[in-house]
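**Q** Mapping of the sequence shown onto numbering that gives the first Met the number 0: position 304 corresponds to residue 303, and the numbering continues sequentially without gaps. Even for Gly, the Cβ is constructed at its ideal location relative to N, Cα and C. A quick note: this is a predicted structure, and the numbers were derived from the prediction, not measured.
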Amino acid sequence: MISLSVPWDDIGGLVDAHERFLTGARVEADVRGPVLDSWKRCRSAGLEPDRLLVPYAPGLSLDERFLQAAEPVLRRLTASLAEVGMAIALCDARGRMVRRFGGDRRLRDRLDAVSFAPGFDASEPVVGTNGVGTALAERGPVYVVGREHFADCLQPFACAGAPVRDPLSGRIEAVLDLTCLRDDGDPTMLRLVREAARDIEARLLEQATRRERALLAAYRRAGPQPDGAGRRDERGDTDGEALNRIDLALLRERAEELLASPRGTLDEVALPGGRVAMLLRRLVRSADGELGVAVEARVSGGTRVTGLGGTAVVTDTGARDGVRAPKPSAVSARLVTKPVSAAPVGTAPPETVGDILGGDGSRLLLVGEPGVGRLAVLARRRLELLHEAGVRIGTTLDVARTAEELTEVTAPEFADFVAVDLPDALLRGEEPGPLGARTRLRRVALGAVHEESHLWSVGDPVAYVASTPQARCLESGRAVLEPVLSDSGGWKAQDPPRLERTLAAGIHSLITVPLRARGTTLGVVSFYRSEKPAPFEDDDLSLAQELASRAAICIDNARRYTREHHTALTLQRSLLPRGRPEQSAVEVAHRYLPAQAGVGGDWFDVIPLSGARVALVVGDVVGHGLHAAATMGRLRTAVHNFCALDLPPDELLTHLDDLAGRLDRGEGWAVESGLADSGIVGATCLYAVYDPVSRRCTLTRAGHPLPAVVRPDGTVEFVDLPAGAPLGLGGMPFETVELELAEGSQLVLYTDGLVEDRLRDIDTGLDRLRTVLAVPERAPEETCEAVLDALLPDRPADDVALLVARTHALGPDRVAQWDLPSEPAVVSVARAAVTEQLTAWGLDDLAFTTELVVSELVTNAIRHAHGPVQLRLLRDRALICEVSDGSGTSPRLRRARTEDEGGRGLFLAARLTERWGTRYTPEGKVIWTEQPLP
Numbered sequence: 000m001i002s003l004s005v006p007w008d009d010i011g012g013l014v015d016a017h018e019r020f021l022t023g024a025r026v027e028a029d030v031r032g033p034v035l036d037s038w039k040r041c042r043s044a045g046l047e048p049d050r051l052l053v054p055y056a057p058g059l060s061l062d063e064r065f066l067q068a069a070e071p072v073l074r075r076l077t078a079s080l081a082e083v084g085m086a087i088a089l090c091d092a093r094g095r096m097v098r099r100f101g102g103d104r105r106l107r108d109r110l111d112a113v114s115f116a117p118g119f120d121a122s123e124p125v126v127g128t129n130g131v132g133t134a135l136a137e138r139g140p141v142y143v144v145g146r147e148h149f150a151d152c153l154q155p156f157a158c159a160g161a162p163v164r165d166p167l168s169g170r171i172e173a174v175l176d177l178t179c180l181r182d183d184g185d186p187t188m189l190r191l192v193r194e195a196a197r198d199i200e201a202r203l204l205e206q207a208t209r210r211e212r213a214l215l216a217a218y219r220r221a222g223p224q225p226d227g228a229g230r231r232d233e234r235g236d237t238d239g240e241a242l243n244r245i246d247l248a249l250l251r252e253r254a255e256e257l258l259a260s261p262r263g264t265l266d267e268v269a270l271p272g273g274r275v276a277m278l279l280r281r282l283v284r285s286a287d288g289e290l291g292v293a294v295e296a297r298v299s300g301g302t303r304v305t306g307l308g309g310t311a312v313v314t315d316t317g318a319r320d321g322v323r324a325p326k327p328s329a330v331s332a333r334l335v336t337k338p339v340s341a342a343p344v345g346t347a348p349p350e351t352v353g354d355i356l357g358g359d360g361s362r363l364l365l366v367g368e369p370g371v372g373r374l375a376v377l378a379r380r381r382l383e384l385l386h387e388a389g390v391r392i393g394t395t396l397d398v399a400r401t402a403e404e405l406t407e408v409t410a411p412e413f414a415d416f417v418a419v420d421l422p423d424a425l426l427r428g429e430e431p432g433p434l435g436a437r438t439r440l441r442r443v444a445l446g447a448v449h450e451e452s453h454l455w456s457v458g459d460p461v462a463y464v465a466s467t468p469q470a471r472c473l474e475s476g477r478a479v480l481e482p483v484l485s486d487s488g489g490w491k492a493q494d495p496p497r498l499e500r501t502l503a504a505g506i507h508s509l510i511t512v513p514l515r516a517r518g519t520t521l522g523v524v525s526f527y528r529s530e531k532p533a534p535f536e537d538d539d540l541s542l543a544q545e546l547a548s549r550a551a552i553c554i555d556n557a558r559r560y561t562r563e564h565h566t567a568l569t570l571q572r573s574l575l576p577r578g579r580p581e582q583s584a585v586e587v588a589h590r591y592l593p594a595q596a597g598v599g600g601d602w603f604d605v606i607p608l609s610g611a612r613v614a615l616v617v618g619d620v621v622g623h624g625l626h627a628a629a630t631m632g633r634l635r636t637a638v639h640n641f642c643a644l645d646l647p648p649d650e651l652l653t654h655l656d657d658l659a660g661r662l663d664r665g666e667g668w669a670v671e672s673g674l675a676d677s678g679i680v681g682a683t684c685l686y687a688v689y690d691p692v693s694r695r696c697t698l699t700r701a702g703h704p705l706p707a708v709v710r711p712d713g714t715v716e717f718v719d720l721p722a723g724a725p726l727g728l729g730g731m732p733f734e735t736v737e738l739e740l741a742e743g744s745q746l747v748l749y750t751d752g753l754v755e756d757r758l759r760d761i762d763t764g765l766d767r768l769r770t771v772l773a774v775p776e777r778a779p780e781e782t783c784e785a786v787l788d789a790l791l792p793d794r795p796a797d798d799v800a801l802l803v804a805r806t807h808a809l810g811p812d813r814v815a816q817w818d819l820p821s822e823p824a825v826v827s828v829a830r831a832a833v834t835e836q837l838t839a840w841g842l843d844d845l846a847f848t849t850e851l852v853v854s855e856l857v858t859n860a861i862r863h864a865h866g867p868v869q870l871r872l873l874r875d876r877a878l879i880c881e882v883s884d885g886s887g888t889s890p891r892l893r894r895a896r897t898e899d900e901g902g903r904g905l906f907l908a909a910r911l912t913e914r915w916g917t918r919y920t921p922e923g924k925v926i927w928t929e930q931p932l933p
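1. Alpha carbon to alpha carbon, how far is G160 from D176? Give it in angstroms, no decimals.
2. Based on the DSSP output, what are the partners of L46 in its beta bridges?
3. With a cut-off of 8 Å on the beta carbons, I'd call A470 and V464 a contact; round off their distance for me.
4. Please report the distance separating the alpha-carbon of I199 from that of T187.
5. Give me the Cβ distance between L76 and A195, rounded to the nearest whole Å; I'm assuming they're in contact under 8 Å.
6. Within the same chain, show all residues whose beta-carbon is closer than 6 Å to that of V825, passing over the 5 residues directly before and after it, in chain order.
7. Going by DSSP in three states, I392 sits in which element: helix, strand or coil?
8. Using a Cβ distance threshold of 8 Å, determine whether the region 427-439 contacts the region 17-35, with at least three qualifying pairs required.
9. Could you round the C-beta distance between L748 and D656 to whole angstroms and report it? I think they count as a contact, below 8 Å.
10. Alpha carbons only, please: which of E474, D537, R500, R99 is nearest the one belonging to H453?
11. So the alpha helix (DSSP H) A628 belongs to, where does it begin and stop?
12. If you compare alpha carbons, which of V174, L265, P57 is closest to G139?
13. Which term fits I245, buried or exposed, when burial requires 16 or more other beta carbons within 10 angstroms of its beta carbon?
14. Look up K924 in the DSSP assignment and say whether it is helix, strand or coil.
15. Taking 7 Å as the limit between beta carbons, can you name the residues of its chain near A504, skipping five residues before and five after?
16. Evaluate H386 with the Cβ neighbour count: other Cβ atoms within 10 Å of its Cβ, from every protein chain shown; 16 or more gives buried, anything less gives exposed.
17. Roughly how many angstroms separate the alpha carbons of A157 and P534, rounded to a whole number?
18. Does the separation of the CB atoms of R694 and T806 fall below 8 Å?
19. Apart from the five residues on each side of it in sequence, which residues of its chain come closer than 8 Å, Cβ to Cβ, to E407?
20. Within the continuous alpha helix (DSSP H) that includes V786, where are the two ends?
21. What number of angstroms, rounded off, separates the C-alpha of A112 from the C-alpha of D103?
22. Helix, strand or coil for Q206 per DSSP?
23. Just confirm the distance between the C-beta atoms of V803 and P779, as a whole number of angstroms; I'd bet it's less than 8 Å.
24. For L180, which of T735, L203, A86 has the nearest alpha-carbon?
25. Along the chain, which unbroken stretches of the alpha helix (DSSP H) at least 4 residues long are found entirely within the region 440-517?
26. Applying the 10 Å Cβ sphere with the 16-neighbour rule, what's the burial state of R577?
27. Check whether the Cβ atoms of D619 and T750 lie closer than 8 Å to each other.
28. Can you look up M731 in the DSSP assignment and give me helix, strand or coil?
29. In chain order, which alpha helix (DSSP H) runs of at least 4 residues are fully inside the region 825-909?
30. Return yes when the Cβ of V852 is within less than 8 Å of the Cβ of A815, no when it is not.
31. Along the alpha helix (DSSP H) that carries L819, what are the first and last residues, could you check?
32. So V523 and D420 are in contact, right, with Cβ under 8 Å, and what is the actual spacing, rounded?
33. Can you name, in chain order, every residue of its own chain whose Cβ lies under 8 Å from the Cβ of Y55, other than the five neighbours on each side?
34. Identify the residues that DSSP records as bridge partners of Y749: which are they?
35. Name the residue from L110, F416, L615, P411 whose alpha carbon lies nearest to the alpha carbon of A588.
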């Protein structure tokens with residue numbers, strides 16, 4: 000053993016870390032994780048470092064079999080440490096010292112002074128952080144030195160402890176500890192004690208193997224004579240020899256259950272091919288008195304035997320060669336799975352299973368010692384539960400539902416009550432912050448065998464105090480086992496009156512496990528037992544951790560989906576219209592419903608155009624999620640920009656198609672990460688422009704469903720509009736259709752999710768839509784409600800956008816129009832006509848400004864254009880002035896220099912009006928301005 004030149008616990012700030020911890024300061028940077036977790040448990044238990052009360056229990060002992068396995072190992076370990084001042088302590092599964100070996104007199108005296116001696120309790124809740132108690136609490140090897148001990152009196156020592164487990168059950172049978180003075184301590188002590196514990200476990204396993212062999216030999220001695228082994232039935236029945244692997248696996252599984260049953264003696268198993276196997280369970284005893292169990296099977300092809308219950312009594316079947324089987328009792332065995340053929344005549348039968356025993360065709364299936372068969376059955380059921388969890392947990396991407404699935408799988412198969420507590424932030428899809436004592440959680444799911452548990456209900460807020468197992472496991476990130484809840488004062492401190500009623504209701508054992516995924520603690524799950532009298536064990540703790548781990552991954556997946564869904568939904572809602580634009584051409588109602596799978600790329604728009612016209616747009620981007628929403632935002636912005644240019648519908652879709660193609664090719668998309676833009680994977684669009692003056696509507700579409708027109712009398716027709724190719728394909732022109740709509744007609748635009756899904760083709764959906772729309776004089780809002788109620792399920796598979804527009808007309812009393820000759824003298828005539836019309840409309844306040852605008856626009860048309868000139872005034876929400884001519888050249892606004900004689904007219908018109916612009920027509924162009932009404 001090599002001593003360190005500097006005491007290990009003086010490195011890294013441990014000199015005063017203990018004192019700072021007791022004052023409530025954070026010491027994570029100075030103290031090792033397992034030690035800090037132990038300190039927190041000690042503080043929660045109410046231990047005082049300067050005062051310990053250590054109970055004493057005389058006459059402690061361990062199981063004789065364990066001592067037989069441990070003594071050779073302890074003798075070798077004591078001899079190897081004879082020259083080193085180090086003591087070896089062997090403690091029971093509760094941390095009480097049974098024996099102590101080695102160490103010089105000085106060390107033994109100092110250990111006696113601090114009650115680290117046989118009979119005294121060394122568990123963590125009693126003496127704080129130490130090699131014995133902390134190894135039990137951590138359920139693994141630990142090394143504690145000097146100031147890492149919680150109690151002041153133990154700080155002069157260094158110790159390393161490791162639990163010793165039963166290799167078959169996994170239960171902790173004892174704790175082995177090495178202790179020396181602090182200055183003699185070395186981390187290699189941990190390796191020594193771990194290897195010694197493993198050696199003891201290996202000898203325990205050898206003992207079990209020797210006992211099984213002795214039991215099998217005893218069974219053979221009680222069985223048939225060698226000259227009868229392997230004989231066929233005198234009647235020629237060879238069914239026993241025809242067992243295949245599937246038959247043997249089925250028989251062994253049922254044999255394990257028969258062995259684990261405390262009362263079962265006979266069982267009947269139906270095999271493929273109409274065969275029936277009869278299983279017989281009987282006791283055997285080895286030469287040295289070891290009691291075991293054997294299960295025999297006899298296969299026949301006759302009529303199935305009935306009426307043999309689990310407690311049937313066997314008389315002669317259990318006797319062989321004058322030896323009658325003892326009365327069956329609650330014993331079981333470990334499965335032996337090596338099938339062999341029958342031994343040759345005249346030789347001793349091999350010590351295996353599966354051979355034919357005698358003339359009655361019986362086979363030996365299992366042989367072993369009591370208790371091990373129960374472990375085999377429990378192991379298989381635990382594997383079945385893990386398989387069930389993998390299938391049933393995580394079927395949805397909903398956080399709360401995933402937590403409910405965890406409780407449904409584990410209650411009552413594993414625990415009688417299962418509670419899942421999560422922070423509210425997790426339910427919103429957010430990353431949870433640090434969780435620990437007093438963190439506000441919410442009971443999300445509760446699985447229960449009855450309603451009288453007095454535990455917190457679903458929806459109740461829970462904030463665990465520091466002493467509770469839930470708070471400890473949240474802070475440490477490790478599962479906590481409380482086998483006897485009535486002894487857990489820390490658990491009862493949460494709410495003593497309520498939890499006393501919980502104990503009175505029969506709840507007696509608890510496992511609490513943190514839900515951790517990808518390095519983050521998401522919440523905590525608590526497993527309680529009440530109906531099952533046995534407390535939770537170490538194997539149960541491992542199973543609970545595995546179940547919680549699988550559920551945590553599913554919960555985190557659901558959380559991440561919820562976050563992405565909320566992000567995409569927020570993005571899409573920010574990209575969709577937030578209100579209704581000011582226009583009087585149509586009365587609009589709209590709906591958007593996201594899909595069950597998440598938000599998609601459906602959108603709609605109502606865009607006011609010049610001349611009191613309005614554009615109606617509905618589009619659909621293939622897919623769901625952020626990319627679809629972002630793509631929708633790109634296309635919607637592009638449509639707005641193209642509308643600002645007053646392009647005709649077919650030209651607008653052509654420009655939009657070209658943009659979609661360039662986005663698909665990744666043009667202009669610089670990605671620093673080197674990942675290519677996924678582009679637009681598919682999009683459709685329907686674009687319509689309605690003019691309330693002429694009551695004409697021009698429509699075009701790119702692969703979008705047909706629009707519907709509802710006449711004022713309720714007649715419904717789908718516009719026969721050429722489909723066009725979806726956006727991004729390019730190369731094909733888009734065609735338009737122009738309709739004249741009576742005032743009060745409804746134009747219905749929608750996406751395919753409204754009329755088509757996996758269970759309904761588009762023709763059926765269109766027929767249902769026609770039926771719903773065939774109602775005269777219905778408001779657009781009522782039309783939206785009726786359509787969605789009739790055509791959509793509660794949770795649509797695809798997102799849906801619906802836009803309903805009822806048309807209005809701008810009557811002749813609000814429109815004034817003059818055809819002007821292309822002569823300069825007509826300008827004064829135009830000014831006079833405009834002034835007279837404004838007086839008739841009661842808009843004298845706008846006369847001066849309008850005269851200037853009309854004079855400038857008409858003069859420009861006469862001087863710079865050709866063809867007929869037309870002047871039009873529209874009284875809508877604004878006063879609109881339009882001058883059209885036959886030229887395709889648009890005027891350009893510029894700032895005139897001081898010495899320029901012209902170029903100021905259009906600038907003045909733009910300054911005096913709210914908006915102005917140019918739109919092109921088949922005959923030429925229109926220059927328009929808008930002035931707000933007084």
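**A** On the basis of the data shown:
1. Answer to the nearest angstrom: the Cα atoms are 4 Å apart.
2. L46 pairs with nothing; no bridge assigned.
3. The Cβ separation is near 6 Å, so the contact holds.
4. Put simply, the backbone Cα of I199 is about 19 Å away from that of T187.
5. At roughly 5 Å, the Cβ-Cβ gap stays under 8 Å, so L76 and A195 are in contact.
6. Excluding sequence neighbours, V825 sits near L819.
7. I392: coil per DSSP, three-state reduction.
8. No: fewer than three Cβ pairs fall under 8 Å.
9. About 19 Å; that fails the 8 Å criterion.
10. Nearest option by C-alpha distance: R500.
11. Here the alpha helix (DSSP H) through A628 covers 625-643.
12. With respect to the C-alpha of G139, the residue from V174, L265, P57 having the closest C-alpha is V174.
13. With fewer than 16 other beta carbons inside 10 angstroms of its own, I245 counts as exposed.
14. Here DSSP, grouped into helix, strand and coil, assigns K924 to strand.
15. So the list reads E451, S452, H453, S529, once near-sequence residues are dropped.
16. A residue is called buried once 16 or more other Cβ atoms fall within 10 Å of its Cβ, and H386, having fewer, is exposed.
17. Take the alpha-carbon of A157 and the one of P534: they are about 34 Å apart.
18. Cβ atoms of R694 and T806: closer than 8 Å.
19. Residues R391, G446 of the same chain have their beta carbon placed closer than 8 Å to that of E407, with the five preceding and five following residues left out of the count.
20. The continuous alpha helix (DSSP H) containing V786 extends over residues 779-790.
21. In a straight line, the C-alpha of A112 is about 14 Å away from that of D103.
22. The three-state secondary structure of Q206, taken from DSSP, is helix.
23. Between V803 and P779 a beta carbon distance of about 4 Å is seen, short of the 8 Å cut, so the two are scored as contacting.
24. For the residues T735, L203, A86, the minimum Cα distance to L180 belongs to A86.
25. Qualifying alpha helix (DSSP H) stretches, in chain order: 468-475, 488-491, 495-503.
26. Under this definition R577 is an exposed residue.
27. The answer is yes: Cβ separation under 8 Å.
28. The answer is coil: DSSP assigns M731 none of H, G, I, E or B.
29. Qualifying alpha helix (DSSP H) stretches, in chain order: 825-840, 846-863.
30. The Cβ atoms of A815 and V852 do not sit closer than 8 Å to each other.
31. L819: not part of any alpha helix (DSSP H); member of the beta strand (DSSP E) spanning 814-819, first to last residue.
32. The C-beta distance from V523 to D420 rounds to 5 Å, short enough to meet the 8 Å contact threshold.
33. Result list for Y55: S114, G118, F119, D120, in chain order.
34. According to DSSP, which records beta bridges pairwise, Y749 is partnered with L801.
35. Closest option to A588, Cα to Cα, is L615.
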